[in-house]
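Notes follow once the structure below has been shown.
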Ligand SMILES: [Zn+2]
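Residue numbers (the numbering used here), protein chains in the order written: chain G, 3 to 504; chain W, 37 to 473.
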């Protein structure tokens with residue numbers, strides 16, 4: 003694919019010019035063609051990185067040592083640039099250049115996938131801002147100046163004469179003992195609207211509508227700019243999205259990404275046939291995530307589930323290893339205990355079960371729903387039992403449910419706190435830890451089937467085999483040639499105009 | 037007749053006269069139209085009326101000054117509130133697709149209400165005010181006016197007496213009208229220092245070093261504190277009020293380093309200034325030594341005198357605030373602009389009531405007053421308008437309308453600048469742009 007630009011400057015060494023710093027403001031979209039498989043690898047890796055950012059931000063204090071360590075590890079695992087100080091000679095070496103390129107391109111791909119709804123945008127912006135802060139803080143003072151300059155972030159420097167005249171005020175406005183450094187460090191002057199946190203807490207000197215910010219605090223303003231710019235860019239990207247989605251190869255890819263989980267593909271099942279129908283009841287209490295446990299319970303009680311529930315639960319069961327035959331038997335025996343007779347079942351429901359296994363219709367082998375898909379799409383309404391209980395139940399009901407599942411009061415409080423902060427997957431993970439009696443589950447929960455496998459692993463069940471990393475999922479479009487530019491041209495043109503006109 | 041002779045029951049009879057002959061419609065329109073710099077600015081402004089029996093009518097809007105006049109003369113509102121400038125005409129908000137009707141702009145406003153000072157004034161409580169506690173409003177205006185002008189760079193501040201127990205501030209600069217909710221709330225927080233309710237004893241906690249803005253506020257407070265707090269409110273007089281002050285003094289100072297459990301101030305010294313001097317002396321000694329509570333005497337002064345804002349009023353773009361020149365139905369006083377050059381002389385009990393100014397209209401005319409009426413150059417000001425100018429000039433309302441006039445002249449200068457910018461040559465006058473997008 004390509005993000006074309008109407009006029010390109012001729013640059014002596016575009017590589018050097020493009021990625022001067024390990025950190026980017028993502029002002030310019032990428033200009034090159036990339037293959038679909040690279041497109042997807044980049045996107046999935048960045049998603050993993052952002053999930054780690056989210057995860058670390060909740061389990062650790064942002065900016066603390068363990069937080070930084072956790073992020074650093076993920077950066078190097080996934081080959082994203084994380085070190086401001088590299089020797090001049092290897093800056094243009096393939097390694098560092100590749101990392102920076104990956105950082106650049108993957109960011110723009112996720113913009114496409116995460117621009118569509120308010121929920122997605124908010125999540126994406128928050129993680130990108132935290133990511134940016136983590137890396138910006140690693141820059142030295144000189145590097146910060148150079149970075150700001152390079153990205154045209156022209157915060158006005160306070161001149162020596164003015165600074166001298168204001169020394170007393172600046173010292174009095176400083177906090178946490180930074181006052182002594184007034185004469186040795188640079189001050190910036192920014193409109194107060196761009197540094198509201200400093201204004202609100204009276205943490206900087208304010209004069210005639212300008213906030214005087216010591217260089218060590220400029221990160222707040224830079225982050226504010228970064229957030230504003232990203233938010234505007236996402237709104238614009240969303241407007242151009244229909245054009246992008248008209249490329250039939252991109253559409254499934256992007257929707258897959260925004261509903262994506264990171265890691266395994268639970269539709270490829272090595273466990274197929276290793277679970278007997280009798281095991282489902284005990285397993286549902288021990289190793290099913292709350293959403294599936296609820297669906298199972300509802301099915302047993304009502305001998306029926308509506309479409310949303312059948313899809314979410316049926317695909318999950320397929321993911322834990324039910325064969326088509328088992329699935330048919332499972333659903334039939336339950337439904338026929340209720341108002342549905344054999345004949346009606348075979349006519350109305352069997353088709354869609356075979357469909358889910360890729361035996362009917364388009365013959366697509368359907369993938370079990372990831373957490374994001376469960377959380378974001380198709381919210382349950384009256385009479386439905388699907389969805390994510392952490393997202394879709396109200397707090398009181400969730401509390402009762404957790405109580406009935408013997409979660410301790412302090413555990414319930416922790417879970418409800420996470421829910422309040424809209425960290426639904428982390429709430430589920432907390433539920434996992436509490437019900438499995440472990441301190442730190444050590445994985446990042448993205449998928450109900452992952453929950454199941456991890457649970458089986460902890461309980462010493464048969465999940466070990468499945469833990470082996472299956473190949474990264476590449477959808478059926480991966481084998482096709484690189485995308486042609488025209489599909490994206492219009493969107494890129496918009497983006498381009500946006501970034502250039504200011 | 038004096039201001040005090042107001043009977044709430046007479047309001048229905050007085051309002052028609054007030055809106056027909058006295059309300060300064062032309063200045064009012066001139067203000068809210070802001071020189072016509074932005075299209076439909078007046079037309080998209082929400083007004084809300086409180087009618088007899090507390091019937092509340094929201095989302096009124098008017099196309100012209102004339103329409104506003106006609107409607108107000110028809111409805112005779114007991115109270116007028118001004119809201120935001122919306123994306124559409126507020127009176128058509130029902131016909132607009134839901135979600136698209138949005139508050140876009142409004143003056144940055146502040147509301148300071150005497151009831152918020154009940155824990156630190158001994159003269160009155162609740163809705164009552166007296167000349168003794170009114171000093172609190174004077175202090176609030178001085179502190180906020182300075183901070184808004186010098187710290188934030190705003191220039192067009194209209195201070196208005198609310199008609200009963202407080203003051204409002206309308207910051208009318210274009211930049212202020214365009215502020216986001218987040219920015220408004222940040223400004224309000226910046227200007228708030230007294231935190232906590234009845235449960236909190238120490239409501240002001242200063243950090244070290246003290247921020248320049250607070251230092252400037254302290255200069256104002258120090259000027260008023262001896263007369264206002266030590267004499268008018270006698271905060272170091274009776275034991276009960278002394279105890280309230282002493283609750284804010286660090287323990288080691290309270291007992292003067294002796295073993296005696298008798299606080300320092302219960303000594304024989306009775307003169308309030310000397311008592312205060314005693315406390316200050318301790319504070320000065322303390323400043324060299326301990327870290328915690330080293331600014332306690334400043335904290336006491338600020339807790340007793342620093343302005344207490346209703347942050348929620350300032351935050352919201354769509355929050356309504358009582359309009360200048362609206363009548364206060366309980367006191368009958370007109371909500372009038374305050375002339376800051378005469379701030380120390382402003383006396384809320386001097387502010388005319390609607391019954392007073394209506395009575396003044398009935399007084400026989402004095403010949404020379406006719407001559408003072410300026411000959412209007414514009415021929416489109418009709419006879420009724422001209423008569424109204426003559427009318428309010430014969431009442432005690434005149435000097436307050438003049439304050440508004442002068443304020444509007446200042447705004448007009450800025451508006452003219454805006455219009456110039458729009459007609460070209462704006463590059464040179466643009467605020468520096470810090471973004472690259
Ligand atoms: Zn009083």
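Note that CB positions come from ideal geometry on N, CA and C, so glycine has one too.
Would DSSP call residue i helix, strand or coil?
i                      : result
residue 232 of chain W : coil
residue 449 of chain W : helix
residue 93 of chain W  : strand
residue 400 of chain G : helix
residue 408 of chain G : coil
residue 363 of chain W : strand
residue 295 of chain G : helix
residue 256 of chain G : helix
residue 341 of chain G : coil
residue 21 of chain G  : coil
residue 379 of chain W : helix
residue 391 of chain G : helix
residue 357 of chain W : strand
residue 345 of chain W : strand
residue 389 of chain W : strand
residue 174 of chain W : helix
residue 320 of chain W : helix
residue 373 of chain W : strand
residue 159 of chain G : strand
residue 30 of chain G  : coil
Which chain G residues sit within Cβ distance under 7 Å of residue i?
i                      : result
residue 189 of chain W : 210 and 211
residue 226 of chain W : 201, 202 and 204
residue 222 of chain W : 198, 201 and 202
Could you give the residue range of the beta strand (DSSP E) that holds residue i?
i                      : result
residue 197 of chain W : 193 to 197
residue 205 of chain W : 202 to 207
residue 215 of chain G : 212 to 216
residue 149 of chain W : 144 to 149
residue 209 of chain G : 207 to 209
By DSSP's criteria, residue i is part of a beta bridge. Which residues make up the other side?
i                      : result
residue 139 of chain W : W/122
residue 83 of chain W  : W/96 and W/118
residue 73 of chain W  : DSSP output for residue 73 of chain W lists no bridge partner at all.
residue 86 of chain G  : DSSP, once it has assigned bridges, lists no residue as partnering residue 86 of chain G.
Listing by chain order, which chain W residues have their CB less than 8 Å from the CB of residue i?
i                      : result
residue 174 of chain G : 245, 246, 247, 248 and 251
residue 21 of chain G  : Within chain W, no residue comes near residue 21 of chain G; the closest Cβ sits about 18 Å away, beyond 8 Å.
residue 171 of chain G : 248
residue 195 of chain G : 215, 216 and 219
Can you say whether residue i is buried or exposed, counting buried as having 16 or more other CB atoms within 10 angstroms of its CB?
i                      : result
residue 119 of chain W : buried
residue 388 of chain W : buried
residue 385 of chain G : exposed
residue 440 of chain G : exposed
residue 429 of chain G : buried
residue 265 of chain W : buried
residue 444 of chain G : exposed
residue 166 of chain W : exposed
residue 353 of chain G : exposed
residue 314 of chain G : buried
residue 397 of chain G : exposed
Cβ closer than 8 Å: which chain G residues qualify as neighbours of residue i?
i                      : result
residue 393 of chain W : Residues of chain G passing the Cβ test: none, with the nearest at roughly 39 Å.
residue 176 of chain W : Chain G residues near residue 176 of chain W: none, gap ~18 Å exceeds 8 Å.
Kindly list, in the order they appear in chain W, the residues whose Cβ is closer than 7 Å to that of residue i.
i                      : result
residue 509 of chain G : There is simply no residue 509 of chain G to check, as chain G begins at 3 and stops at 504 in what is shown.
Since residue i is in the alpha helix (DSSP H), which residue starts that stretch and which ends it?
i                      : result
residue 82 of chain G  : Run containing residue 82 of chain G: none; DSSP gives neither H nor E here.
residue 193 of chain G : Per DSSP, residue 193 of chain G belongs to no alpha helix (DSSP H); it is in the beta strand (DSSP E), 189 to 193.
residue 128 of chain G : 120 to 138
residue 213 of chain W : 210 to 213
residue 330 of chain W : Looking at the DSSP string, residue 330 of chain W is not in any alpha helix (DSSP H), and its letter there is neither H nor E.
Which residues of chain G have a Cβ atom closer than 9 Å to the Cβ of residue i, listed in chain order?
i                      : result
residue 186 of chain W : 208, 209 and 210
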